[in-house]
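*Asks:* First, the structure itself, so that you have it in front of you.
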Amino acid sequence: MNANNHPTSSAPLHIALACGGTGGHIFPGLATAEVLRASGHTVTLWLAGKDVESAAVSGWSGTVVTIPAQGLPTRFSLRFIPAVWSLLRAMRVCRKKMRTQPPDVLLAMGSYASVGPIYAALRGHVPVVLHEANVVPGRTIRLFSRWARAVAASFEASRFYLPHGRLVITGMPLRRELEVASRNFQRVTTAERFTVMVLGGSRGAHSLNEVASEALLALRADGVPIQVIHLTGPADETEIRATYERAAVPHTVHAFTTQMAELYAATDLAVCRSGASTCAELLAFGVPALLVPYPFAAANHQLANAQAMSRLGAADYVSEKNLSAAWLADYLAARYRAREKLASMSAVGHAHRECCGAEALAGLVEKTGRDHA
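The working numbering puts the first residue of the sequence shown at 483, with every later residue one more than the last.
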């Protein structure tokens, strides 16, 4: 089953988009919504009322339905009962709201925030399209995949976990500006400098920030002409910047930036976590990487993502428990001396640029809605 990459301009559809919960769900959802709206369709966002959602949709001009919900803890605890009650309430409220104005199709990006809208859509005979960002599907996708009209996935490796008959590999939707930039991408690295990007991120960032900065200082002391791009997250920005300044290491340090395309263009090698969006961006821009999976991710899904990237030949990976400053310094020195390996990893990324999937996912959603109509 193949995704239709370019939605047609027939009669517009009303599309419900459940993408609440975390940034990993809402940003790919918004990227897909942008493509759908550009084709004339009406998109209503269904969110869970979290702070990250408010910031992300601040510029959204369409309708937003907010149904508060909580995720179930992975282990039984005192939080379990109120979380179940919250989900049951969300299911009931979603059912009532969706009956009032049923959409032509529901796109759900996963997470607990999608449970209520998916339940309401299935009860109301609204076709459902699911999207799984990671290799290993989360609980919501696993639960509802048997009843969905189609299940989209970012990684080929998800075929081992999801129903083949309804599975479509669309890739991961990226923000519009990144998807456009990746198509016209030109690397601006130089042989005189070895530029390492460290993406600390916001979850589990501190340990990675510390180890990476220590390793990079050691590399500089050994005479490797490094320069550093380091996105630290908000907690470590000041300390990490001061560390590089004291050692006179050429550096660009930000807590966060929206100018990722320019930074990817200047990067020889990235050291980062292996969340689905990060992996998709690395592939889109052909950036070689050493992935350090976040060890506390649900179902260890970041490890599965890293393994998939490694099998492609686009990245190496190491577990956090095996990562030390000395090991990382040795690894980076070896990669500096073997630039041909980095070139090979970059070429793999370029070959998988179709992993940018907002248009593919939008096409699948539109096709599903039209087939139902």
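Just so it is clear, CB atoms sit at the ideal spot from N, CA and C, and this is done for glycine as well. Quick caveat, the model's predicted, so the values are computed rather than measured.
For Thr850, I'd like the list of residues in its chain whose CB is within less than 8 Å of its CB, leaving aside the five on either flank, ordered along the chain.
*Replies:* Excluding sequence neighbours, Thr850 sits near Val587, Pro609, Val611, Arg631 and Ala632.
*Asks:* Just to confirm my understanding: we take Ile722, look at its own chain, exclude 5 residues before and 5 after, and list those with CB closer than 7 Å. What are they?
*Replies:* The residues are Asn691, Ser695, His712, Thr714 and Val735.
*Asks:* Using the three-state DSSP reduction, which class does Ile750 fall into: helix, strand or coil?
*Replies:* Note that residue 750 is Asp in the sequence shown, not Ile. It is coil, neither helix nor strand.
*Asks:* Are the stretch 594–609 and the stretch 802–810 in contact at 8 Å, needing three or more beta carbon pairs?
*Replies:* Touching, no, given that fewer than three Cβ pairs across the two stretches are closer than 8 Å.
*Asks:* With burial defined as no fewer than 16 other Cβ atoms inside 10 Å of the residue's Cβ, what is the status of Gly503: buried or exposed?
*Replies:* With 16 or more other Cβ atoms within 10 Å, it is buried.
*Asks:* Specify whether the stretch 522–533 and the stretch 665–672 touch according to this definition: at least 3 beta carbon pairs, one from each stretch, less than 8 Å apart.
*Replies:* The stretch 522–533, when compared against the stretch 665–672, does not touch it at the 8 Å Cβ threshold.
*Asks:* Please report the distance separating the alpha-carbon of Pro584 from that of His496.
*Replies:* Roughly 8 Å separates the two Cα atoms.
*Asks:* May I ask you to list the residues that DSSP assigns as paired with Met791?
*Replies:* DSSP lists no partner for Met791.
*Asks:* Check whether the Cβ atoms of Leu765 and His834 lie closer than 7 Å to each other.
*Replies:* Closer than 7 Å, so yes.
*Asks:* Starting from Trp567, trace the alpha helix (DSSP H) both ways and give me its first and last residue.
*Replies:* Here the alpha helix (DSSP H) through Trp567 covers Phe562 to Thr582.
*Asks:* Between the stretch 789–804 and the stretch 646–653, can you find at least three pairs of beta-carbon atoms closer than 8 Å?
*Replies:* These segments do not touch.
*Asks:* With DSSP as the reference, please indicate the residues paired to Phe676 in a beta bridge.
*Replies:* Partner(s): Ile708.
*Asks:* In chain order, what residues of the same chain have a beta carbon less than 7 Å from the beta carbon of Asp792, not counting five sequence neighbours either side?
*Replies:* Correcting the residue identity first, residue 792 is Ser in this sequence and not Asp. Only Asp798 and Tyr799 meet the Cβ criterion.
*Asks:* Let me make sure I understand the geometry here. Which of Gly839, Asp750, Ser759 and Ala788 has the alpha-carbon closest to that of Ser826?
*Replies:* Among Gly839, Asp750, Ser759 and Ala788, the Cα nearest to that of Ser826 is on Asp750.
*Asks:* Assuming the contact rule is C-beta atoms closer than 8 Å, Pro550 and Gly531 should be a hit. Round their C-beta distance to whole Å, please.
*Replies:* Yes, Pro550 and Gly531 are in contact; Cβ-Cβ is about 4 Å, under 8 Å.
*Asks:* Under the three-state reduction of DSSP, which class applies to Ile452: helix, strand or coil?
*Replies:* Nothing can be reported for residue 452: it is not among the residues displayed for the chain, which extend from 483 to 855.
*Asks:* Kindly identify the DSSP beta-bridge partner or partners of Tyr799.
*Replies:* Tyr799 pairs with Leu773.
*Asks:* Over the uninterrupted alpha helix (DSSP H) stretch that includes His733, give me the two end residues.
*Replies:* Segment His733 to His736 is the beta strand (DSSP E) holding His733; no alpha helix (DSSP H) there.
*Asks:* So is Asn787 buried or exposed if we call it buried at 16+ other beta carbons inside 10 Å?
*Replies:* It is buried - the Cβ of Asn787 has at least 16 other Cβ atoms within 10 Å.
*Asks:* Look at the Cβ atom of Ala790, then the Cβ atom of Phe642, and state whether they are nearer than 7 Å.
*Replies:* No, the Cβ-Cβ distance between Ala790 and Phe642 is not below 7 Å.
*Asks:* Can you say whether Pro856 is buried or exposed, counting buried as having 16 or more other CB atoms within 10 angstroms of its CB?
*Replies:* The question about residue 856 has no answer here: the residues shown for the chain are numbered 483 through 855.
*Asks:* Identify, in the order they occur along the chain, each residue of the same chain with its Cβ nearer than 7 Å to the Cβ of Arg581, setting aside the five sequence neighbours on each side.
*Replies:* Gly606, listed in sequence order.
*Asks:* In chain order, what residues of the same chain have a beta carbon less than 6 Å from the beta carbon of Phe667, not counting five sequence neighbours either side?
*Replies:* Closer than 6 Å at Cβ, skipping near neighbours: Phe767.
*Asks:* I'd like the list of long-range same chain contacts for Ala639, defined as Cβ closer than 6 Å, with 5 residues on each side in sequence excluded.
*Replies:* The answer, listed in chain order, is Val617 and Ala790.
*Asks:* Under 6 Å Cβ to Cβ from Arg657, same chain only, skipping five residues before and after it: list those, please.
*Replies:* Excluding sequence neighbours, Arg657 sits near Ala513.
*Asks:* I'd like the span of the beta strand (DSSP E) that includes Trp528, first residue to last.
*Replies:* Where Trp528 is concerned, the enclosing beta strand (DSSP E) stretches over Thr524 to Leu529.
*Asks:* In angstroms with no decimal places, state the Cα-to-Cα distance between Glu848 and His507.
*Replies:* Distance between the alpha carbons of Glu848 and His507 is about 19 Å.
*Asks:* Would a C-beta distance cut-off of 7 Å place Ser759 and Gln784 closer than the cut-off?
*Replies:* No; because the gap between Cβ atoms is not below 7 Å, this pair is not in contact.
*Asks:* Under the three-state reduction of DSSP, which class applies to Met591: helix, strand or coil?
*Replies:* Correct three-state label for Met591: coil.
*Asks:* Is the beta carbon of Leu701 less than 7 Å from the beta carbon of Leu814?
*Replies:* For Leu701 and Leu814, yes; Cβs fall inside 7 Å.
*Asks:* Taking the beta strand (DSSP E) that Leu612 belongs to, which residues open and close that run?
*Replies:* Looking at the DSSP string, the run of the beta strand (DSSP E) that includes Leu612 is Val610 to Glu614.
*Asks:* Does the Cβ-Cβ distance between Thr545 and Gly592 come in under 7 Å?
*Replies:* Going by C-beta atoms, Thr545 is not nearer than 7 Å to Gly592.
*Asks:* Can you name, in chain order, every residue of its own chain whose Cβ lies under 8 Å from the Cβ of Asn484, other than the five neighbours on each side?
*Replies:* Because Asn484 carries a pLDDT of 44, less than 50, the predicted location of this residue cannot be relied on, and no value is offered for it.
*Asks:* Relative to the C-alpha of Ala747, which candidate in Ala537, Pro564, Ala663 and Glu516 has its C-alpha closest?
*Replies:* Nearest of Ala537, Pro564, Ala663 and Glu516 to Ala747, Cα basis: Ala663.
*Asks:* Considering only residues of the same chain and omitting the five flanking positions on each side of Glu516, which have a CB-CB separation below 6 Å?
*Replies:* Same-chain partners within the cutoff: Arg658.
*Asks:* Could you check which residue in Arg665, Thr725, Glu661 and Pro619 has the C-alpha nearest to that of Pro645?
*Replies:* It is Pro619 whose Cα lies nearest to the Cα of Pro645.
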